[in-house]
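Line by line, the protein sequences give chains A and B.
Numbering follows numbering that gives the first Met the number 0, in which position 170 of the first sequence is assigned residue number 169; successive positions increment by one, without gaps.
Numbering follows numbering that gives the first Met the number 0, in which position 26 of the second sequence is assigned residue number 25; successive positions increment by one, without gaps.
Heads up, the thing below is written out as structure tokens.
Protein chains: 2
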Amino acid sequence: MTTTAPRQMKLGAFLWATGHHIAAWRHPKAHVTAGIDIDHYIQLARTAEAAKFDMVFCEDAAGLREANVGIASQTSRSIGFEPISLLSALAAQTSRIGLVSTASTSYNEPYGLARTFLSLDHLSGGRAGWNLVTSASPIEAANFGSTGLRPHADRYERAREFAEVVTGLWRGKPGGASGSGHDGQSFSVRDALDLPRSPQGAPVLVQAGASEVGRDLAARTADVVFTAAQTFEEAKAFYDDLKGRLAAYGREPDDIKIMPGVAPVVAETAAQAREKYEELQELIPDDVGVALLSSYLSISDLWRYPIDGPLPELPPSEGMQSRQVLVIEQSRRDNLSIRQLARHFAGARGHWRIVGTGAQVADELQSRFEGGAADGFNVMPSYFPGELDAFATLVVPELQRRGLFRKEYEGRTLRDHLGLKRPS
Amino acid sequence: MTTTAPRQMKLGAFLWATGHHIAAWRHPKAHVTAGIDIDHYIQLARTAEAAKFDMVFCEDAAGLREANVGIASQTSRSIGFEPISLLSALAAQTSRIGLVSTASTSYNEPYGLARTFLSLDHLSGGRAGWNLVTSASPIEAANFGSTGLRPHADRYERAREFAEVVTGLWRGKPGGASGSGHDGQSFSVRDALDLPRSPQGAPVLVQAGASEVGRDLAARTADVVFTAAQTFEEAKAFYDDLKGRLAAYGREPDDIKIMPGVAPVVAETAAQAREKYEELQELIPDDVGVALLSSYLSISDLWRYPIDGPLPELPPSEGMQSRQVLVIEQSRRDNLSIRQLARHFAGARGHWRIVGTGAQVADELQSRFEGGAADGFNVMPSYFPGELDAFATLVVPELQRRGLFRKEYEGRTLRDHLGLKRPS
Numbered sequence: 000m001t002t003t004a005p006r007q008m009k010l011g012a013f014l015w016a017t018g019h020h021i022a023a024w025r026h027p028k029a030h031v032t033a034g035i036d037i038d039h040y041i042q043l044a045r046t047a048e049a050a051k052f053d054m055v056f057c058e059d060a061a062g063l064r065e066a067n068v069g070i071a072s073q074t075s076r077s078i079g080f081e082p083i084s085l086l087s088a089l090a091a092q093t094s095r096i097g098l099v100s101t102a103s104t105s106y107n108e109p110y111g112l113a114r115t116f117l118s119l120d121h122l123s124g125g126r127a128g129w130n131l132v133t134s135a136s137p138i139e140a141a142n143f144g145s146t147g148l149r150p151h152a153d154r155y156e157r158a159r160e161f162a163e164v165v166t167g168l169w170r171g172k173p174g175g176a177s178g179s180g181h182d183g184q185s186f187s188v189r190d191a192l193d194l195p196r197s198p199q200g201a202p203v204l205v206q207a208g209a210s211e212v213g214r215d216l217a218a219r220t221a222d223v224v225f226t227a228a229q230t231f232e233e234a235k236a237f238y239d240d241l242k243g244r245l246a247a248y249g250r251e252p253d254d255i256k257i258m259p260g261v262a263p264v265v266a267e268t269a270a271q272a273r274e275k276y277e278e279l280q281e282l283i284p285d286d287v288g289v290a291l292l293s294s295y296l297s298i299s300d301l302w303r304y305p306i307d308g309p310l311p312e313l314p315p316s317e318g319m320q321s322r323q324v325l326v327i328e329q330s331r332r333d334n335l336s337i338r339q340l341a342r343h344f345a346g347a348r349g350h351w352r353i354v355g356t357g358a359q360v361a362d363e364l365q366s367r368f369e370g371g372a373a374d375g376f377n378v379m380p381s382y383f384p385g386e387l388d389a390f391a392t393l394v395v396p397e398l399q400r401r402g403l404f405r406k407e408y409e410g411r412t413l414r415d416h417l418g419l420k421r422p423s
Numbered sequence: 000m001t002t003t004a005p006r007q008m009k010l011g012a013f014l015w016a017t018g019h020h021i022a023a024w025r026h027p028k029a030h031v032t033a034g035i036d037i038d039h040y041i042q043l044a045r046t047a048e049a050a051k052f053d054m055v056f057c058e059d060a061a062g063l064r065e066a067n068v069g070i071a072s073q074t075s076r077s078i079g080f081e082p083i084s085l086l087s088a089l090a091a092q093t094s095r096i097g098l099v100s101t102a103s104t105s106y107n108e109p110y111g112l113a114r115t116f117l118s119l120d121h122l123s124g125g126r127a128g129w130n131l132v133t134s135a136s137p138i139e140a141a142n143f144g145s146t147g148l149r150p151h152a153d154r155y156e157r158a159r160e161f162a163e164v165v166t167g168l169w170r171g172k173p174g175g176a177s178g179s180g181h182d183g184q185s186f187s188v189r190d191a192l193d194l195p196r197s198p199q200g201a202p203v204l205v206q207a208g209a210s211e212v213g214r215d216l217a218a219r220t221a222d223v224v225f226t227a228a229q230t231f232e233e234a235k236a237f238y239d240d241l242k243g244r245l246a247a248y249g250r251e252p253d254d255i256k257i258m259p260g261v262a263p264v265v266a267e268t269a270a271q272a273r274e275k276y277e278e279l280q281e282l283i284p285d286d287v288g289v290a291l292l293s294s295y296l297s298i299s300d301l302w303r304y305p306i307d308g309p310l311p312e313l314p315p316s317e318g319m320q321s322r323q324v325l326v327i328e329q330s331r332r333d334n335l336s337i338r339q340l341a342r343h344f345a346g347a348r349g350h351w352r353i354v355g356t357g358a359q360v361a362d363e364l365q366s367r368f369e370g371g372a373a374d375g376f377n378v379m380p381s382y383f384p385g386e387l388d389a390f391a392t393l394v395v396p397e398l399q400r401r402g403l404f405r406k407e408y409e410g411r412t413l414r415d416h417l418g419l420k421r422p423s
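What follows is the structure, encoded as structure tokens:
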């Protein structure tokens, strides 16, 4: 699918209630009930579509995520729409932009999930994508029966079978299998879906798992990989590793688009950008920062350790292993205290932060894109709508001037935008 | 909640791809890909809203319903959108009309379902309703694991617990229980939902079960009951029975709105209406009629019996018991052959058929409404959009002239329209 045209980067607009900065809800310009304001989301989707973003992206977790640390009211997204209903509403108010929602392989059934995403795909004219997650949170588990969180490897084995059934169903196969139905370890599905093939061949499959087994699952099945990397080296290593795994599954490097998260703070001048950033960082309460860090590390008693001391030694966890490694490496790299580490990660929730002018942000993105560390980026504005507007106004035109980003949509479907093969 | 204003009937617009008549897809005016045409559904919802209908209503079943008889391509709804994504899209294109979707207690989890409907409720400004079904079809069961269809009583016991959790969650209770979480026979749920209370207090709960255990569940929890009745006597008996069960649960008769299905064929003159009806009936292939009758009777070998002979004696079934009884009683009442019975039920899929002018249809509706056999009706147009347009143009104004139906919405939420109490 690569053509003679210069390679251009892909951009996602990661929507998240008041904003991605952990203290966005405390910002003077914050829209505190954004999570349940459909007009707010329509405005964001239209801004992203006018700027020719490939897609809007919604995460999800079915539960009060911060319930365990009693800070549900102190984070940017303690409440919000369920994302498939949200994106279906946005489908009716947009015409080109891709619509990607997270959904869990632990708390759904593959026939129902495949059907719902294909329905969204049809009603949006081929713009749907599913971000597969295995659900690492014990908070969600407690809302879906008493079995508790499954071990990491079991979750991924279930996810592998789940993805096999879903992608098969999307390709018109009864039971998602090659022959007549699927009868597997976790699932048994007899029929084909009661919907015709997708306008884009099949909805786009997004993944974000970064552990060994997560990378293998992505290499086997994903169209897009969303990832978190603080440094160029981390991003490049992940990129090369994942692209290198594709051949084993008979796939080509360009069959997967790798889109790390980026949390830009952008303004007309570098000083203004820095000032905006400092204003946000100052708003982070220490207990919120430590609580978020605890959840990344999958431990519950981090608050017992001195906040200005180092991170303690940690046991292996069944939670998000890759996120844990990221935090520990950052702590060692810069020799950070718990407070410093909490603030560092809380601000961008573990993602790459860029603070600067439109040209400076474009420089950084260009460097990782042309350096072979990314095919594009999932943009995580600090607060909405202000920082998405700033990115659309200051960064996108700069990328377009440099020939790094489209000025018009090339096609009508999300696969068209992403330059992905149409599944046969 | 009854006021001094005269009692008015409630109207639902039951949306169903090409139309409710079994042969609608063969009609010369049929829109054969209606099931996946979002613009078609937007048009229908706007027509219903302009006519001040209380709600649009969508059924659902996750599977190829007619797969077992090999006639998937010969019915009016072999393909179509998953209804929650559909109604979420319609929410963004309408402002007043209620949005009611069917979802199964057999193939969902209560936390996820409660959350999705409350999300639809928030993004529509308080217009969502859930039609609870227990899923009687073995076709669906085969797509959701190998456990098969649960026995009727077990399905309803699961549904009772499911409804208890969901309605509790909608009222802001952790786990849907009165205290701290729910730990029951089928489900265990710890948290409250990650959404604030509904703009209408709680989404509306609709049910359609008509067996003994189905009626008890409705009396315990439902706000609206959708039902099928051929005759005034059947409708009246059901109405009185269900209203009579409410006191046992501390509820008043007006706490539930009973809305039988009605399949009108309406035209400017009685002769034109009759002609339209005959044209549709002529389009029913015998094998399709017999196959549909078989599914109502939950038997697979009806085609073995002589088509011009009587219905054979039938064993008890684990499927939809009330529908089976309806068919058998009709067969005895009019001494119908299998062919005649198939055609009779196929046309309106078991529901009440009225053929006539706007005034004649209004007369019939008024008679059942004022005779105490219905609080309103779920209108099932034979084909879309033509027969919904005809009802909106010919019947609704007649009902309005008689003071039997609103000329403007009284409020903004579905509960407002239905005159239902706001849950505390």
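Where a beta carbon is used, it is the ideal one built from N, C-alpha and C, also for glycine.
Bear in mind that the values here come from a model prediction, so they are computed numbers and not experimental data.
Within chain B, the residues that residue i reaches when beta carbons sit closer than 7 Å
{"i": "A:N142", "result": "Y110, V188, R189, D190"}
Chain A contact residues for residue i, given Cβ-Cβ distances below 7 Å
{"i": "B:G200", "result": "Those within 7 Å of B:G200 in chain A number zero; the least Cβ separation is about 15 Å."}
{"i": "B:L122", "result": "I37, F80, S84, L85, A88"}
{"i": "B:Q92", "result": "A91"}
{"i": "B:G62", "result": "D190, D193"}
Rounded separation between residue i and residue j - CA only
{"i": "A:Q73", "j": "A:E163", "result": "Note that A:Q73 has pLDDT 44, beneath the 50 cutoff, so the model's placement of it is unreliable and the number below is only indicative. Near 39 Å, if we compare the C-alpha coordinates of A:E163 and A:Q73."}
{"i": "B:D153", "j": "B:G79", "result": "29 Å"}
{"i": "B:I298", "j": "B:E139", "result": "16 Å"}
{"i": "A:A228", "j": "A:L325", "result": "8 Å"}
{"i": "A:R219", "j": "A:Y248", "result": "6 Å"}
{"i": "A:A44", "j": "A:T101", "result": "17 Å"}
{"i": "B:P5", "j": "A:S94", "result": "45 Å"}
{"i": "A:T356", "j": "A:D374", "result": "22 Å"}
{"i": "A:Q280", "j": "A:Q323", "result": "22 Å"}
{"i": "B:S293", "j": "B:G62", "result": "17 Å"}
{"i": "A:R400", "j": "A:V394", "result": "10 Å"}
{"i": "A:G69", "j": "A:L340", "result": "Note that A:G69 scores 40 on pLDDT, short of 50, meaning its location in the model is unreliable; the coordinates nonetheless yield the value given after this. Using only the alpha carbons, I get a separation of about 21 Å."}
{"i": "A:E251", "j": "A:L398", "result": "27 Å"}
{"i": "A:Y238", "j": "A:A372", "result": "6 Å"}
{"i": "A:A60", "j": "B:R114", "result": "11 Å"}
{"i": "A:A12", "j": "B:G171", "result": "32 Å"}
{"i": "A:I41", "j": "B:D286", "result": "48 Å"}
{"i": "A:G418", "j": "B:W129", "result": "39 Å"}
{"i": "B:A272", "j": "A:L14", "result": "52 Å"}
Residue environment, residue i, which counts as buried when at least 16 other CB atoms sit within 10 Å
{"i": "A:S136", "result": "buried"}
{"i": "B:T226", "result": "buried"}
{"i": "B:R331", "result": "exposed"}
{"i": "B:K406", "result": "exposed"}
{"i": "B:L313", "result": "exposed"}
{"i": "B:S197", "result": "buried"}
{"i": "A:T133", "result": "buried"}
{"i": "B:D193", "result": "buried"}
{"i": "A:D300", "result": "exposed"}
{"i": "B:P426", "result": "Because residue 426 of chain B is not part of the residues shown, which for chain B are 0 to 423, the question remains open."}
Under 9 Å by beta carbon: chain B residues contacting residue i
{"i": "A:H19", "result": "By Cβ distance, chain B contributes nothing, its closest Cβ being about 17 Å from A:H19, past 9 Å."}
{"i": "A:A176", "result": "Within 9 Å Cβ-Cβ: nothing; A:A176 doesn't reach chain B, min ~12 Å."}
{"i": "A:I138", "result": "R189, D190"}
Any non-hydrogen atom of the ligand GDP within 7 Å of residue i CB
{"i": "A:G260", "result": "Absence of the ligand GDP is noted for the structure shown, with no ligands found whatsoever."}
One or two residues paired with residue i in a DSSP bridge
{"i": "B:N439", "result": "The requested residue 439 of chain B is not part of the displayed model; chain B covers only 0 to 423."}
{"i": "B:D182", "result": "B:S187"}
Cross-chain neighbours of residue i in chain A, by beta carbon under 9 Å
{"i": "B:A217", "result": "Going along chain A, no residue has its Cβ under 9 Å from B:A217, so there is no contact; the nearest lies around 25 Å."}
Neighbour list for residue i in chain B, Cβ cutoff strictly below 8 Å
{"i": "A:P195", "result": "I35, I78"}
#### Entry: Whole alpha helix (DSSP H) elements within the region 186-240 of chain B, 4-residue minimum
Segments of the alpha helix (DSSP H) lying fully in the region 186-240 of chain B: 211-220.
### Message
My parser needs the alpha helix (DSSP H) runs of 4 or more residues fully inside the region 98-152 of chain A; what are they?
### Response
Taking only runs of at least 4 residues, the alpha helix (DSSP H) segments lying wholly in the region 98-152 of chain A are 109-122, 137-140.
### Message
Which runs of the alpha helix (DSSP H) at least 4 residues long sit entirely within the region 241-293 of chain A? Give them in chain order.
### Response
Listed in chain order, the alpha helix (DSSP H) runs fully inside the region 241-293 of chain A are 269-281, counting runs of at least 4 residues.
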